[in-house]
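Remarks on the structure that follows.
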Amino acid sequence: MIALNDKGLNITIDKSLLHILNTIKDCLCDSGIKGYLVGGSIRDSVLKRDIDDIDIAIAENALDFSPELAKLLNGKYIPMDKENKVARIILKDAATAKIQHIDVSTIINNIEDDLSRRDFTINAIAIPLENISAQICNSDIIDPFNGLDDIRENILRVVSDKSFEADPLRLLRAVRLAAETGFSIDSDTENLIKKQCLLINNVSGERIREELLKLLEIPETGDLFLYMEELGLISAIVPELIPSKGLEQPSEHYWDVFTHSVKTIDAVDYILGNGEWKYKSDAIKNVPWSSELEGYFNEIISSGSTRLILLKLTALLHDIAKPKMKFIDENGKIRFFGHPKEGAPMVVEIMEKLRFSNKEIRIVEKVTRHHLRPTQMTQMGMVTDHAIYRYFRDVGEVAIDTLFFTLADHLAARGPTLDTKNWQQHTAA
19 MIALNDKGLN ITIDKSLLHI LNTIKDCLCD SGIKGYLVGG SIRDSVLKRD
69 IDDIDIAIAE NALDFSPELA KLLNGKYIPM DKENKVARII LKDAATAKIQ
119 HIDVSTIINN IEDDLSRRDF TINAIAIPLE NISAQICNSD IIDPFNGLDD
169 IRENILRVVS DKSFEADPLR LLRAVRLAAE TGFSIDSDTE NLIKKQCLLI
219 NNVSGERIRE ELLKLLEIPE TGDLFLYMEE LGLISAIVPE LIPSKGLEQP
269 SEHYWDVFTH SVKTIDAVDY ILGNGEWKYK SDAIKNVPWS SELEGYFNEI
319 ISSGSTRLIL LKLTALLHDI AKPKMKFIDE NGKIRFFGHP KEGAPMVVEI
369 MEKLRFSNKE IRIVEKVTRH HLRPTQMTQM GMVTDHAIYR YFRDVGEVAI
419 DTLFFTLADH LAARGPTLDT KNWQQHTAA
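Now the structure itself:
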């Protein structure tokens, strides 16, 4: 861990990280190459966050140098980006278990120019490896964009107004990094995101998927997604959700369709023991839970996704067809008959565009298609053994997921107006 003292005069490096950095420094010195510790590892260390990777920038082709370094560290060399000459070293040694990998990038001109092309000021900080020791003074730190000041002030700020144009995925990364660190995005950066939010469409589906899953992994993501929509990002990624914004629902629903969908994300977290529900904090006592269920929802489905995370994605998308299916019945009541069936293929199309795996798509599609099924069963009176059999037969691999999703959907429908007796009946069924 690296810790910045109260006066910001020096940095202390713990022994485990110092050992790795000294090995890299010695290897560079033997080859006459200048190198720097850069980026997020400095930021996270100052914030006393766990570090599982470090970034090194060197004044040499990283693809040529990294294989030798990988051998010294008993790691595996991977060429990450041949065009920009970026390599990754996966560490396997138990002695370096805290650090999972090292990214080695190539400095094109000089370190100041390299830092100027990074995303945020809090990541545009460097320490020359030749200065690495147990104690590092401020004079040894290269911080041309005052990133350390922004860390002290808990501010996330772009290095330049060209930052998002250079890599539009930074639009999402800004929100995630702010959420993970508890920082506030400064107003100029917020305005830049709003202005350039549609640039996200220039990013490959695979990269958006990866960042979206990281966002959904954060507990109680609902308010974060509302903030993302204030910045224009949700509509940019999933324009199919735009018609649901402000769309009125029947009186038993507290929120419009879009807000309900986002609140359902928080409700899923709450129902599955991953967050709070500020509208009725004791509702969870009526929900069955066990270590087996916890393990079930933490099952890894694909790279970066679990059943829990996919259920949160379902929450965002489950009512996506309501605008299309809305009508007013003869009694003047708003209805959305058939929206689960109509929404299921829309979900598939969205997830295919974002390059989700077939299994991920199948899970979200089936929960979307059947999310009203448990409620419909109970509305018909006593649930028979045959009805239960047909439910598990039809819903199959997501039968349990759908049952818990239905509870979250109900919570997010009622919001602050949840009736205790009605909730008890709903959970008992």
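If you count the sequence shown from 1, you need to add 18 to reach our numbering.
Beta carbons: idealized from backbone N, C-alpha and C, even for Gly.
Item: Cβ-based burial, His389 [other Cβ within 10 Å; buried from 16]; Value: buried
Item: Residues sharing a beta bridge with Arg325, DSSP; Value: The partner list for Arg325 (beta bridge, DSSP) is empty, contrary to what the question assumes.
Item: Residues sharing a beta bridge with His119, DSSP; Value: Asp71, Ile108
Item: Backbone secondary structure at Ala339 - three-state DSSP; Value: coil
Item: Through-space distance from Arg61 to Ala21, alpha-carbon basis; Value: Residue placement at Ala21 is flagged as unreliable, the pLDDT there being 48, under the threshold of 50; the coordinate-derived value follows with that caveat. About 10 angstroms.
Item: Whole-number beta carbon distance between Ala142 and Leu174, since they are thought to touch under 8 angstroms; Value: Contact flag wrong, Cβ pair sits at about 12 angstroms.
Item: Sequence-distant residues of its chain with Cβ nearer than 6 angstroms to Leu39 (five each side left out); Value: Ile150
Item: Straight-line Cα distance separating Ile108 from Leu36; Value: 18 angstroms
Item: Cutoff 8 angstroms; reference Trp307; Cβ partners in own chain excluding five residues on either side; Value: Gly291
Item: Residues near Arg188 by beta carbon distance below 7 angstroms, same chain, minus five either side; Value: Asp137, Ser181, Phe182
Item: Coarse secondary structure for Ala446, derived from DSSP in three states; Value: helix
Item: Simplified DSSP assignment, three categories, for Phe83; Value: helix
Item: Contact set for Asp458: own chain, Cβ-Cβ below 8 angstroms, skip 5 residues either direction; Value: With the chain covering only 19 through 447, there is no way to say anything about residue 458.
Item: Same chain, Cβ closer than 6 angstroms to Gly469, five either side skipped, listed in chain order; Value: Examination of residue 469 is not possible in this model, given that the chain is present from 19 through 447 alone.
Item: Where Ile237 sits in the DSSP three-state scheme; Value: Note on identity: in this sequence residue 237 is Pro, with Ile being the wrong assignment. DSSP places Pro237 in coil when its eight states are reduced to three.
Item: C-beta contact flag for Ile105 and Asp121 at 9 angstroms; Value: A small correction: the amino acid at residue 105 is Ala; Ile does not occupy that position in the sequence shown. Yes.
Item: Residue ranges of each alpha helix (DSSP H) within the segment 366 to 404, 4 or longer; Value: 376 to 388, 391 to 397
Item: Backbone CA spacing between Met19 and Val382 [nearest angstrom]; Value: Because the pLDDT at Met19 is just 44, under 50, the model does not fix this residue reliably, and the point stays unresolved.
Item: Per DSSP, the bridge partner or partners of Asp99; Value: Val104
Item: Residue environment, Ala285, which counts as buried when at least 16 other CB atoms sit within 10 Å; Value: buried
Item: Span separating the alpha-carbon of Thr445 from that of Val413; Value: 19 angstroms
Item: Boundaries (first-last residue) of the alpha helix (DSSP H) holding Ser279; Value: 275 to 289
Item: Buried versus exposed, by CB contacts within 10 Å (16 or more), Cys215; Value: buried
Item: Neighbourhood of Arg227 by C-beta, 7 angstroms cutoff - its chain only, sequence neighbours within 5 removed; Value: Leu372, Arg373, Phe374
Item: Of the residues Leu234, Arg191, Leu147, Leu436, the one placed nearest Leu328, counting alpha carbons only; Value: Leu234
Item: Alpha carbon of Thr435 to alpha carbon of Ser84, nearest angstrom; Value: 59 angstroms
Item: Cα-Cα separation, Thr420 to Asp132; Value: 49 angstroms
Item: Of the residues Glu247, Tyr272, Gly313, the one placed nearest Ile260, counting alpha carbons only; Value: Glu247
Item: Secondary structure of Ser320, DSSP reduced to three states; Value: strand
Item: Nearest to His428 (by Cα), restricted to the options Gln443, Gly250, Ala417, Asp99; Value: Gln443
Item: Runs of alpha helix (DSSP H) lying entirely within the segment 164 to 226, each at least 4 residues, in chain order; Value: 165 to 171, 181 to 184, 188 to 199, 205 to 214
Item: Environment of Ser323 [buried if 16+ CB atoms lie within 10 Å]; Value: buried
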